[in-house]
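Enquirer:
Numbering (the working numbering), first residue to last: 756 to 876.
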């Protein structure tokens, strides 16, 4: 549950930023900033829905709740921590990786410079 939500949120944010960069000539910083602004509400809605579903488990309500309470606490804590990481750390990593990849010199042996298929003569 947690891995899927966190992964989906980060992928959607990065995908939105990459598609914004492909549409126009904007910087990585501006693209990820726009992605964060646009994707903030859907990310929070998804997380709060999962959080609302896990609160009864975390509070230990119902029959046999003592055995499920640690799972509920782990889900609630994981969702809270993952949202901070997704909303703050993912954009920073995206910008740093973009800067690192743009500074890297292109070599002749680079896979991007070699055509995948060579036409027949």
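Virtual Cβ for every residue (Gly too), placed ideally from N, Cα, C.
(1) Just how far apart, CA to CA, sit residue 856 and residue 800?
(2) Distance, Cα to Cα, residue 835 vs residue 806?
(3) What are the boundary residues of the alpha helix (DSSP H) that includes residue 843?
(4) Quick one: grab the DSSP three-state call for residue 834.
(5) Starting from residue 808, trace the alpha helix (DSSP H) in both directions and tell me its first and last residue.
(6) With the cut-off set at 7 Å, would you say residue 809 and residue 789 are in Cβ contact?
(7) Is the separation between the beta-carbon of residue 827 and that of residue 813 shorter than 7 Å?
(8) Within 10 Å of its beta-carbon, does residue 849 have 16 or more other beta-carbons around it, so buried, or fewer, so exposed?
(9) Taking the alpha helix (DSSP H) that residue 761 falls in, what are its first and last residues?
(10) Quick check: what's the CA-CA separation for residue 841 versus residue 761?
(11) Take residue 823 and list the residues in its own chain whose beta-carbon comes closer than 6 Å to its own, dropping the five residues that flank it on each side.
(12) Would you kindly work out how many angstroms separate the C-alpha atoms of residue 830 and residue 784, rounded to a whole number?
Expert: With the structure as the only source:
(1) Straight-line spacing of the CA atoms in residue 856 and residue 800 works out to 33 Å.
(2) C-alpha of residue 835 to C-alpha of residue 806: approximately 8 Å in a straight line.
(3) Bounds of any alpha helix (DSSP H) do not take in residue 843, whose DSSP letter is neither H nor E.
(4) Three-state result, residue 834: helix.
(5) From DSSP, the alpha helix (DSSP H) with residue 808 extends over 783-814.
(6) Residue 809 places its beta carbon 7 Å or farther from that of residue 789.
(7) Yes, Cβ-Cβ distance for residue 827 and residue 813 is below 7 Å.
(8) The residue in question, residue 849, is buried, as its Cβ has 16 or more Cβ neighbours within 10 Å.
(9) Its alpha helix (DSSP H) spans residues 757-778.
(10) Here the C-alpha atom of residue 841 lies approximately 7 Å from the C-alpha atom of residue 761.
(11) Counting only residues of its own chain and dropping the five nearest sequence neighbours on each side, residue 823 has a CB closer than 6 Å to the CB of 812.
(12) If you take the alpha carbons of residue 830 and residue 784, they lie about 32 Å apart.
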